[in-house]
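Structure first, then comments.
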Amino acid sequence: MCGIVGYIGKKDTSKILLDGLKDLEYRGYDSAGIAILQNSKFDIFKAVGKIANLEEKINLQYCLPCSTKETISLGIGHTRWATHGKPTELNAHPHLGEYSYVVHNGIIENYKELKEELTFAGHKFVSQTDTEVIVHLFEYYNNKLNDPKASFAKTVERLEGAYSILLITKSEPETIYFMKHGSPLIVAKGKEEGEVLFASSDSPLIGLSDAVVYLEDGVMGIASTTAITFNQEVSWGTLPSSKQFAQKDGFRFFMEKEIYEQSDVVTDAMLGRLKDNGIDFDEIDPSIIDGINEIKICACGTSYHAGLTSSYLFERLAKVRTSVEIASEFRYKEPLLTPDTLFIVISQSGETADTLEALKMAKAAGLKSIAICNVDNSSMTRVADATILTRAGIEKGVASTKAFSTQTVVLWMLGLYFAKVRGVMESDKLASELLALRETPKALKVFDHIHEKTKRLSKRYLHGHGFFFIGRDVFFPLALEGALKLKEISYLHAEGYPAGEMKHGPIALADPELFTIALMPQNLLYDKIKSNVEELSARDSTICAISPLAFDLADDFIKTNSADHYMLEFFEMLVAIQLLSMEISVRLGNDVDMPRNLAKSVTVE
Ligand code: AGP
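The sequence shown begins at 157 in our numbering and counts up one residue at a time.
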């Protein structure tokens with residue numbers, strides 16, 4: 157993860173870097189820093205925590221007039237999600253050697269060996285990070301060769317892992333060395349003569365540039381006011397014309413706003429795709445399913461839960477064998493991949509390192525692929541054979557909400573699309589599915605009484621020794637999603653479990669201090685889940701039932717509306733568990749939108 161920015165030009169470098177970092181804060185907010193080189197002098201600022209802390213420091217200490225005069229200056233900046241070493245100022249980027257600074261996004265896997273080697277050669281390390289070896293390695297070679305270009309090339313040759321790097325040296329006040337391998341990096345020409353910008357994603361560049369290169373892995377180069385050179389051919393492209401800004405619009409948190417937006421954004425996700433007589437995806441050719449005997453889905457976190465949900469739908473509706481893999485597991489299990497498998501990745505950001513690498517593996521094995529992504533132009537959209545955008549709009553809350561609902565709706569539609577193309581669905585069944593899909597925006601509406609109820613419940617559901625979210629069928633992945641939401645923003649222990657599996661072990665935990673959130677839909681296996689909840693209630697577990705049907709043994713009850721399709725119940729319950737997690741987090745005084753230890757986009761494996 158982490159976000160990096162760079163700038164060469166005559167404008168206020170500190171402002172450009174800070175603005176860019178604010179756009180990249182979703183990539184990590186453990187610490188941030190910038191290094192500015194002007195008049196052969198470095199100015200360095202670092203702060204622990206969010207960009208606002210860095211900004212405050214810069215505003216207090218920096219002489220702005222010096223940075224706004226008509227001379228060239230350059231700078232690099234970084235917002236960190238800690239991987240190696242605690243989130244302290246010492247471990248914050250940029251990292252200094254003797255005369256050069258580096259910022260890095262990714263992980264240098266062989267940093268220990270390199271550090272030993274360099275320490276032996278007399279280099280002094282001050283941080284616990286993997287990144288610091290880059291700048292020392294560069295100086296090690298440069299001290300020998302006195303050739304920064306060759307030294308930079310030799311440095312990256314020695315690095316193992318994933319990295320995008322920007323490096324500056326005191327002796328070259330108009331030059332930034334860059335390299336991309338595994339982690340994203342974009343280089344851009346500024347609108348003014350000689351101006352160059354870098355960023356981990358395109359949002360910091362929008363409005364500042366008309367020509368960009370989304371670097372491919374293995375591309376390195378040198379940027380200066382006179383030229384940008386690359387080690388291989390690249391293709392220049394353009395950026396979206398305006399930046400999308402997310403505002404809270406009167407809501408307390410982005411997460412709250414995004415929960416309330418779900419009804420609208422799933423409407424967008426269906427627009428032009430949900431037709432009177434079926435589903436149409438302009439983005440994919442129906443032949444993509446030709447010769448396919450299996451679907452394999454790969455994703456992480458919430459996106460994995462959407463994938464798991466869709467595996468029930470693909471098998472049930474499209475009659476295709478479907479398996480779902482957690483991307484970080486998939487990558488190293490030596491999976492058996494055959495070309496009769498369609499590979500689907502799901503990702504809000506389109507940048508999650510494990511999912512992206514899994515996609516590349518599948519492509520290399522000759523599989524056809526589809527990316528279900530929210531961010532257009534993201535890395536996954538550029539690797540997959542086809543992309544279906546989820547159209548959720550910017551999601552700022554680290555805890556995914558509308559990304560999940562739009563992914564699930566898109567995947568449900570995809571299941572119906574495949575069912576039609578494969579000719580495995582009766583027309584009246586298709587008609588009833590389409591009818592239900594049309595009702596989805598309604599199911600995702602936030603009703604005042606549900607929100608109020610979750611606020612009230614949050615008073616009690618704070619203590620105890622844990623939560624179990626339980627459900628069956630698609631309500632099992634929903635239970636996983638409920639538990640994940642609660643864990644990430646409330647820091648309380650929660651597990652999602654298949655309700656029928658509780659008796660095979662976890663029921664031993666049942667007592668009044670165990671909170672069970674039971675997802676009890678009317679239209680799918682109601683009697684089965686009811687028995688499972690009765691078993692827990694008999695062992696004194698505290699039960700909160702989420703259901704349209706009152707359940708005598710429940711201690712608490714969130715009443716959802718009656719619906720005649722289980723997926724509509726699914727979405728109603730989704731809203732309830734999102735709100736419940738959020739209200740518990742609020743009650744605990746946590747940072748709802750930026751929970752501790754997390755980042756919105758996980759670009760390290
Ligand atoms: C969930 O709330 C998290 N934001 C996280 O689990 C997320 O879904 C995961 O990191 C995958 O991200 P992606 O969808 O951007 O690939």
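C-beta: ideal position from N, C-alpha, C; glycine also.
As a quick exercise: from G363, I342, D424, pick the residue whose alpha carbon is nearest that of I384. I342
Excluding the 5 residues preceding and the 5 following A379 in the sequence, name in chain order all residues of the same chain whose CB lies nearer than 6 Å to its CB. I332, V352
For a test of the three-state rule: what should DSSP assign to P221, helix, strand or coil? Only weak support exists for where P221 lies, its pLDDT of 49 falling under 50; the coordinates are left without a value.
Specify which residues have a beta carbon nearer than 5 Å to any heavy atom of the ligand AGP, listing them in chain order. C456, G457, T458, S459, S503, Q504, S505, T508, A555, S556, V758
Classify A652 as buried or exposed, calling it buried when 16 or more other Cβ atoms lie within 10 Å of its own Cβ. The sequence shown places Gly at residue 652, not Ala. G652 is buried by the Cβ-count criterion.
Residue ranges of each beta strand (DSSP E) within the region 698-755, 3 or longer: 698-703, 712-715
Using 8 Å as the threshold, is the region 427-440 in touch with the region 550-563, meaning 3 or more CB pairs across them? no
With DSSP as the reference, please indicate the residues paired to Q194 in a beta bridge. K197
Run through DSSP, which three-state label would E330 get? coil
Separation of T610 from V602, as counted between CA atoms: 12 Å
Helix, strand or coil: how does DSSP classify R236 here? strand
Taking one C-beta from the region 415-433 and one from the region 560-579 each time, how about it: are there three or more such pairs within less than 8 Å? yes
Reference H249; option with closest CA among Y296, A188, S196: A188
I'd like to know whether the C-beta atoms of S134 and E295 end up nearer to each other than 8 Å. In this structure the chain extends from 157 to 761, so residue 134 is not present and cannot be described.
Pull up the distance between the alpha-carbon of K268 and that of A639, whole angstroms please. 36 Å
Would E254 be called buried (16 or more neighbouring beta carbons within 10 Å of its own) or exposed? exposed
Whole angstroms is fine: what's the gap from K305's alpha carbon to L252's? 18 Å
Out of curiosity, what's the CA-to-CA distance linking E412 and L735? 8 Å
Using CA coordinates, which residue listed in F486, I526, Q403 is at the minimum distance from I500? I526
Status (buried if at least 16 other CB within 10 Å, exposed otherwise) for H721: buried
On a CA-only basis, which of G338, R314, D441 is nearest A509? Give me that one, please. G338
Pick from A701, G745, Y573 that is closest to K440, judged by C-alpha positions: Checking the displayed sequence, the identity of residue 440 turns out to be Ile instead of Lys. The shortest C-alpha separation from I440 is found at Y573.
Cβ atoms of T235 and Y185: under 8 Å apart, would you say? yes
Three or more beta-carbon pairs under 8 Å between the region 566-586 and the region 462-471, yes or no? yes
May I have a chain-ordered list of the alpha helix (DSSP H) segments no shorter than 4 residues that lie completely inside the region 382-437? 410-426
In chain order, what residues of the same chain lie with their CB nearer than 7 Å to the CB of G377, ignoring the 5 residues before and after it? F334, I384, T385, F386, N387
Check R695 in the structure and name its three-state DSSP category. coil
From R408, Y370, M536, A344, residue whose alpha carbon lies closest to that of L364: A344
Between which two residues does the alpha helix (DSSP H) holding Y267 run? 267-276
If you draw a straight line from the alpha carbon of C454 to that of G262, how long is it in whole angstroms? 21 Å
With DSSP run on the structure shown, which of helix, strand or coil describes Y460? helix
Got a sec? Which residues, its chain only, sit under 7 Å from V289 by beta carbon, not counting five neighbours each side? I264, Y267, L270, K271, L274
From this set, L361, D366, T244, Y370, which residue's C-alpha is nearest K336's C-alpha? Y370
Please classify N753: is it buried, with 16 or more other beta-carbons within 10 angstroms of its beta-carbon, or exposed? exposed
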